[in-house]
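Worksheet: one structure, shown below.
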Amino acid sequence: LEIEGDSVIWIDHENRRTTFPLPTSERPAIHNSLSRAAIYLGDEPEELILAQAGEKSRFFHFRAGRLTAISDAYGNRLTVQRDISDRIKRLDNGAGRSLLLRYDRSHLLAIDYQRFQPADTLEDAWRTEQTLVAYR
């Protein structure tokens, strides 16, 4: 999601660009019938939510142009956690399961399936159950 002045540009998974006016409290929801998408203000401060129409509609939550979560109409939610380099580090389902993305500098090394078990620190609480995929 790119924010340029009073406009928001959504680049979807097929690299299509859709431009919306930036939602405001006076106009909190904006629909684009050509792209079958909508953008609106979220519940959190400075949160924008983008929704695309379809059989399995998803809601993409952004703050400052960065993806923070993906949710659906049934209340399921994946929270996106980032590392100090602003790369996606973990996708957390909020029910004790997550995917950890491991990097070597700018290269993705592996994706691990993790389970949450209470521990002294949050980082120690996530235990890797298995490596789902590894890259060279």
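In my numbering, the protein residues as written are -7 to 128. Idealized CB from N, CA, C, for every residue including glycine.
Below 8 Å between beta carbons: does that hold for residue i and residue j?
| i | j | result |
| --- | --- | --- |
| I1 | R8 | no |
| I103 | L114 | no |
| A65 | S49 | yes |
Measure from the alpha carbon of residue i to the alpha carbon of each residue in the options, then state which is nearest.
| i | options | result |
| --- | --- | --- |
| L40 | I22, R28 and G46 | I22 |
| Y127 | L101, F12 and A117 | L101 |
| L14 | S49, R55 and R50 | R55 |
| L83 | F52, T71 and A117 | T71 |
| E85 | Q106, D78 and I76 | With the sequence shown as reference, residue 85 is identified as Asn, and Glu is not the correct amino acid for it. Among Q106, D78 and I76, the Cα nearest to that of N85 belongs to Q106. |
Expressed to the nearest angstrom, what Euclidean distance is found between the alpha-carbon atoms of residue i and residue j?
| i | j | result |
| --- | --- | --- |
| L59 | E(-6) | 11 Å |
| T123 | S63 | 25 Å |
| R119 | D4 | 32 Å |
| S148 | E6 | Outside the modelled stretch of the chain, which goes from -7 to 128, sits residue 148, for which no answer is possible. |
| I80 | G57 | 14 Å |
| D(-2) | N68 | 31 Å |
| D155 | G88 | No information on residue 155 is available, as it lies outside the stretch -7 to 128 that the chain covers here. |
| T11 | P110 | 44 Å |
| E(-4) | L93 | 30 Å |
| H117 | S25 | Sequence inspection shows Ala at residue 117; the His mentioned does not correspond to that position. The straight-line gap from Cα to Cα measures roughly 45 Å. |
| F108 | R74 | 18 Å |
Segment contact flag, the stretch 89 to 104 with the stretch 33 to 41, C-beta cutoff 8 Å, min 3 pairs: Too few Cβ pairs lie closer than 8 Å, so no.
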